[in-house]
Structures are given as C-alpha cells and as structure tokens.
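Here is the structure we will look at.
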Amino acid sequence: MVKRPAGGKFGSILVLAMLVAGGQAACVRYAAAQESTAEDEQPVDLLAPLIRLRPLNPGQSAQDSSLTDPFNDGPLEADGQAQTEQAQTEQAQTGDSQDGTGNATGINVTDGSSDTETEAEVAAARELESDTQGRTRAAEAETAVLDPINTATPDARANLREQQVEPGTKRPEEIVDPFLPPGFRAGTWQVFTRLEQAVGYSNNNSFAAGGKPGAFLQTDGSVTLRSDWSRHEAQIEATGTLVKAMGDGQPATPTAGVNGSLRLDLIDGFSATLRGNYDYSTEALSSTSLVSGVAERPAVHAFGGSAELARTGGYFDFSLRGSADRTAYEAAVLDSGGTFSQNDRNNTLYQLTARTAFGPTPSIKPFVQGGIGWREYDLGLDRNGEDRSSMLFDLRAGVQFDLHDKLKGEMAVGYAWEDFNAPTLKTLNGITLNGTLDWSPERDTNLRFTASTGFSGSTTAGDNGSLVYTLQAEAVRRVRDNLAVNASASYGHTYYDTTGGTDHAYKVGAGVEYWISRYVSLTADVDYEILDSATAGSSWDATSVRIGLAMQR
Numbered sequence: 004m005v006k007r008p009a010g011g012k013f014g015s016i017l018v019l020a021m022l023v024a025g026g027q028a029a030c031v032r033y034a035a036a037q038e039s040t041a042e043d044e045q046p047v048d049l050l051a052p053l054i055r056l057r058p059l060n061p062g063q064s065a066q067d068s069s070l071t072d073p074f075n076d077g078p079l080e081a082d083g084q085a086q087t088e089q090a091q092t093e094q095a096q097t098g099d100s101q102d103g104t105g106n107a108t109g110i111n112v113t114d115g116s117s118d119t120e121t122e123a124e125v126a127a128a129r130e131l132e133s134d135t136q137g138r139t140r141a142a143e144a145e146t147a148v149l150d151p152i153n154t155a156t157p158d159a160r161a162n163l164r165e166q167q168v169e170p171g172t173k174r175p176e177e178i179v180d181p182f183l184p185p186g187f188r189a190g191t192w193q194v195f196t197r198l199e200q201a202v203g204y205s206n207n208n209s210f211a212a213g214g215k216p217g218a219f220l221q222t223d224g225s226v227t228l229r230s231d232w233s234r235h236e237a238q239i240e241a242t243g244t245l246v247k248a249m250g251d252g253q254p255a256t257p258t259a260g261v262n263g264s265l266r267l268d269l270i271d272g273f274s275a276t277l278r279g280n281y282d283y284s285t286e287a288l289s290s291t292s293l294v295s296g297v298a299e300r301p302a303v304h305a306f307g308g309s310a311e312l313a314r315t316g317g318y319f320d321f322s323l324r325g326s327a328d329r330t331a332y333e334a335a336v337l338d339s340g341g342t343f344s345q346n347d348r349n350n351t352l353y354q355l356t357a358r359t360a361f362g363p364t365p366s367i368k369p370f371v372q373g374g375i376g377w378r379e380y381d382l383g384l385d386r387n388g389e390d391r392s393s394m395l396f397d398l399r400a401g402v403q404f405d406l407h408d409k410l411k412g413e414m415a416v417g418y419a420w421e422d423f424n425a426p427t428l429k430t431l432n433g434i435t436l437n438g439t440l441d442w443s444p445e446r447d448t449n450l451r452f453t454a455s456t457g458f459s460g461s462t463t464a465g466d467n468g469s470l471v472y473t474l475q476a477e478a479v480r481r482v483r484d485n486l487a488v489n490a491s492a493s494y495g496h497t498y499y500d501t502t503g504g505t506d507h508a509y510k511v512g513a514g515v516e517y518w519i520s521r522y523v524s525l526t527a528d529v530d531y532e533i534l535d536s537a538t539a540g541s542s543w544d545a546t547s548v549r550i551g552l553a554m555q556r
C-alpha cells in the first residue's frame, strides 16, 4: 500500500482553483475581443457614397467639386470635404468644441459613427472621385472626333479623311484615265508605244488625177520617250506610217519622223532648249516641181536642229533662237527606166529669231517676234541657170495663252518676204498666220486649232515659188471611259505668185475608237479629200474608209 503525502488533498484543491481562475480570465478576454471586433466591423452601406453626392448649395462654386453626375445637369461635390466643412460650421454656430482626443463634448452622438468611420467614408469618396475622373478622361479620348463627317469612334485600320492642304482649300481631285497607255520604265525614262494595223478602201488609191479605186493596208506606229528627272526635261518621239495599195503594183508609200528636245533649267527663270528633227516623206506625182514622166514618188529628207535661250516667269519674257534646216531630194525614177537628179533643189535654211512678250500675268501675254534667214542651195545655179539662194525676213505679233487645261497656245499675224539672188526672180511676200491653240470647253472635250504659213520653191524658170497657207481643226470627245469620237477639217491654200493661180485643198474626216482594254482598241475612220488645182487636169477627189486594231503599251 502506497501512502500519499500528508499535504496531497490541499494541493489538489489548489490546482483546481488555479484552473478555474484561468478559465474565467480567458473567457473575459475572449468576450472583450469579440466586442472589440464587433465595434470595428461596422456595416458598410454601398449606396452611402452615392447618397452623399448631392448638388452644390446655392452660391457654391463649381470649382469646389470635380465630380460629374450623368443624371444631374449641375456639378456635384464630394461628401468628405463638404461634410467636414458643414460640421465645422454647425459646431461654430452651436458653440460646441472638441477636446484634445477628438471626441465631441456636449453633443449626443446617436448614429454610432466614429473617427474611423469618417476616415473610411472620406477614403471611399476619394476613390469614387478618382474612378469617375478616370472614366471621364477615357470616354473623352475614345470619342475624339477625327473625322468631322463621321463622329463614330474610328477604327485603327480605317482610312480616315486627309486634312486639307490649306484651310479653306480643297485638295485637287486627281483624274486618272483607266485607258491611257501605262507605258514602262527604261532607267530614268518613261516609254510609251502604239501600233495600229488597218485595212481600208479608197476610190482613189493614188490620190492623184485619174487614180483607180481599191483596197489598201495601212500601218501606223509611234514610240515616245519622256524623261523622269527632278530637274531638266527631255523627250524623243518617233512616228511612222506605211500605206500599201493592193492590186496596183505600186510600192508602199512610207512616211516617218523623229523629233527630240532637251530643256535645261538654268537660274533666275532662264532655260536653254535644244531641238532636233528628221522627217522622211515622198513627193506626190502630181507635184508641179517634178518633171514629166516620173514613175515613182521620189523621197524627200528634211532634218535640222535649233538652240534657244529663253527667260520666262516675269512681266517680260525673252527668247533668242538659232536654227538650221536642210532639205534633200532623191533622184526621180522615170517611166523610161532612167533617173533624173534633183540636186539643184537641195538647200539649207539658217534662221535667227528674237521674241519678247509682256504681261502682268502668264495667262495672257502679247508678244512681238522678228526673224532673219538665209537659204543656201548646194548648186549655185539650178537646172534653168538661176541662182535661187535668198534672204528671208519675218515679222509677226500675237498673243500667247496659258490658262492651264482650259486654253493654251499662241496665235500670231505677220508679214514675211523672200529676196532671191537672181534678178529674174521677184520678191515673194505675203501676210502670214501662224500658231496653235488647244482649247477644252468642258471636261473630256478637246479641240485644237492650227495655222501655218510657208514658202514653197519652184523649179520652173522665172517662177519665184508659192505661198502656202494651212488651216486645221481637230476635235476629240470622250463619250465614255472606253469610247472616244473625233472629227477633223482642214483647208489648204496655195498661191502661185508668178502665175496668180491658186490651189484649194479640202479635207474632212470622222472617226471612233473603242478600247477593249487598256492595251487594245478598235478604230474606224472615214475621210473625204478634194484638190481643186489651178493646173488643168490636176484636180482630184478621194473617199477612204478604214477599220483597224490598235495596241498600246
């Protein structure tokens, strides 16, 4: 048997008392903690911030608030600062004050609020204010009007309307012809080509008195090169036509030409221009300069060049040009099989021309022009023993126009004369009319008027030559993008000074061109020509029709 210590009963009672006391203390501390937690966790009213957003009082400035109520036209104020100011005002009126701890004295607080609650409400109001301002700035950024016509929020991938070049100035609309030849590039040059093959019929295939009717083939081609430089400009154009009458045994009739120009832009409105040309043609069998019995049309070569120095852009325009042009005639083939030399007709013409124009605007400028020239024949004496070398004078006055696409060109009236070295040849003189005008009365309609005056030599003894006037009008109307119609009319007046005779040449024509694509088109033309000659038996007329296929690049 184990004996317990004498004090064991007393120790057990002491331990039990200590456990009971500790449990009671723990319960008290737990209850106090729960009460403190309940006081700290006051219920939050989610609508309180919105309720505290109230309209400004009468007389309150809009600068006191930075919030915007979408349902109220007036500005709103945040409750934090406004409520604090209102409480301070009420305290001042009632004479109440706060102690150093911040607890109100003499005021019965019945809503259960505290300093912690007030700070939480102010923080919530500031958070709502910041969020509202952020949404307002985002909405303003999203609704920025970039297009004055379309006020919807633009898509980042949308093609927005471009701003005007200058305020109040509309950007010029670029007109693109879908059927213009696109061309191709060759280095710094743009190249355009065109080839047309036509078949036709004429009641006078030789275009001479007594000509026979028949079908013919006609081929036309052209190549144009244009420079694409930032400064200066150059252009080269080559054209050619070949007409072959079918069934008459005659050779084809060719014509060809090459023209080139180079403009060098200098300083202060000055420019230098160089030009060159070559033309190949055949002389008509009905020409009075040919001897009788010629079997084939003899070839004629004409080539030359010029250099010009000009100043433009001011009240006064000046230009000085020097040129040299040569004409060479091949020997004529006779019916007998022989040839007849025409070297006595070969000549070179040298000219020097000065011109000045005055006008306050480049749109319309009157001008005067004067020129002097020398014609030198290869042979001192021609087949008739006459020296046809001569000196020429040319005076003219006119007006030049530059109304952009509406009207451009010039027209001049003057007087010219040619003095021959041979005393048997009298001076050839007359009034001159020269110029070219391009007029567009409306869009897709273009008209061109051309006038020219020239001197033509003669091989007849004692004949000083003739004065040749040519007037021509052309019109082109674009009915549709791929359909164009054209019409032309011309008049030629040849006056023989020695004999007093006059030849009249008339020509009218009409045509149509229909583009199948940008590269291919169909053409159709009809022409009617009349030559009323002063020489007996030399008059003729001809009607021709053509249908062709054209290709361009």
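In the working numbering, the protein residues as written are 4 to 556.
All C-beta atoms, glycine included, are put in the ideal place defined by N, C-alpha and C.
Quantities reported herein were computed from a predicted structural model and do not represent experimental measurements.
Selection from the options that minimises the alpha carbon distance to residue i
i    : options                   : result
R399 : S459, G433 and H407       : G433
S190 : R197, Q200, W232 and F210 : Looking at the sequence provided, one finds Gly at residue 190 rather than Ser. Residue W232 is the option with its Cα nearest to G190.
K247 : D223, T276, T227 and S326 : D223
Y482 : S493, S289, Y517 and F210 : It is Val, not Tyr, that sits at residue 482 in the sequence shown. With distances taken between Cα atoms, V482 lies closest to Y517.
A237 : G279, A212, I270 and R197 : G279
V336 : P254, N424 and A218       : P254
G540 : A464, L198, G213 and A508 : G213
A327 : A302, L312, A425 and Q354 : Q354
F210 : V548, A201, R556 and I533 : I533
R197 : P365, N207, F182 and F321 : F182
V488 : T497, D447, S459 and T463 : D447
G263 : D251, I239 and S284       : I239
E426 : L440, G457, S392 and T439 : Looking at the sequence itself, residue 426 is Pro, so the reference to Glu does not match. Comparing Cα positions, the closest option is S392.
G243 : L267, E199, F273 and S339 : E199
V523 : T546, S542, L486 and S205 : L486
F404 : V371, I367 and T435       : I367
K411 : Y418, P444 and F396       : P444
A464 : V548, T227, T435 and D390 : D390
G401 : N424, L384, G373 and D385 : G373
D528 : F195, R386, R188 and Y204 : Y204
L568 : D544, I519, A545 and D530 : Since the first residue shown for the chain is 4 and the last is 556, residue 568 is missing from the structure and cannot be characterised.
R329 : T342, R348 and F321       : R348
H407 : I270, L440 and L428       : L440
T435 : F396, L428 and L288       : F396
A419 : L384, F458 and E299       : F458
D484 : A508, F361, D466 and V515 : V515
Same chain, Cβ closer than 6 Å to residue i, neighbours up to 5 away in sequence not counted
i    : result
S461 : G468
T473 : S455 and G495
P257 : L245
A310 : L277 and G325
L450 : W442 and A478
I54  : Any reading at I54 must be qualified, since the residue scores a pLDDT of 43, below 50, and its modelled position is unreliable; no value is offered.
G492 : One detail in the question is off: residue 492 reads as Ala in this sequence, not Gly. Once the five neighbours on either side are set aside, the close Cβ partners of A492 are A476 and V511.
D282 : G260 and A305
P301 : E286, E333 and A335
L470 : G433 and Y498
L2   : Here the chain has residues from 4 to 556 only, and residue 2 is not among them.
T430 : W420 and D422
Presumed contact (8 Å Cβ cut-off) between residue i and residue j, rounded CB distance
i    : j    : result
A490 : A513 : 5 Å
E379 : T356 : So it is not a contact: roughly 18 Å between Cβ atoms.
R234 : Q193 : R234 to Q193, Cβ: 16 Å. No contact.
P2   : R521 : Residue numbering for the chain in the displayed model covers 4 to 556; residue 2 lies beyond these limits and cannot be assessed.
G438 : M414 : 3 Å
A313 : S274 : 6 Å
A201 : Q221 : 5 Å
Own chain, CB closer than 8 Å to residue i, minus 5 neighbours either side, in chain order
i    : result
A537 : Y499, T502, G504, T505 and D506
S344 : A334
M394 : I375, G376, W377, R378, E421 and D422
V297 : L288, A335, V336, L337, D338 and F343
Sequence-distant residues of its chain with Cβ nearer than 7 Å to residue i (five each side left out)
i    : result
N346 : D381 and L382
F219 : G203, S205, N208, V246, K247, A248 and M249
S542 : A212, L534, D535 and S536
G2   : Residue numbering for the chain in the displayed model covers 4 to 556; residue 2 lies beyond these limits and cannot be assessed.
Contact test: residue i Cβ vs the ligand SAH heavy atom, cutoff 6 Å
i    : result
E286 : Among the components of this structure there are no ligands whatsoever, and the ligand SAH is therefore not found.
The segment 313-322 contacting the segment 284-304, beta-carbon criterion three pairs below 8 Å
Judged by Cβ distances under 8 Å, the segment 313-322 makes no contact with the segment 284-304, as fewer than three pairs qualify.
Which full runs of the beta strand (DSSP E) of 3+ residues lie inside the segment 469-508, going along the chain?
The segment 469-508 contains these whole beta strand (DSSP E) runs: 469-483 and 486-499.
Every unbroken beta strand (DSSP E) inside the segment 326-389 [3 residues or more]:
DSSP runs (the beta strand (DSSP E)) wholly in the segment 326-389: 350-361 and 367-380.
Give, in chain order, every unbroken run of the alpha helix (DSSP H) that is at least 4 residues long and sits entirely within the segment 425-465.
The qualifying runs do not exist here; there are none.
For the segment 228-259, list the beta strand (DSSP E) runs that are entirely contained and at least 3 residues long, ordered along the chain.
Counting only runs of at least 3 residues, the segment 228-259 fully encloses the following beta strand (DSSP E) elements, listed from N- to C-terminal order: 236-248.
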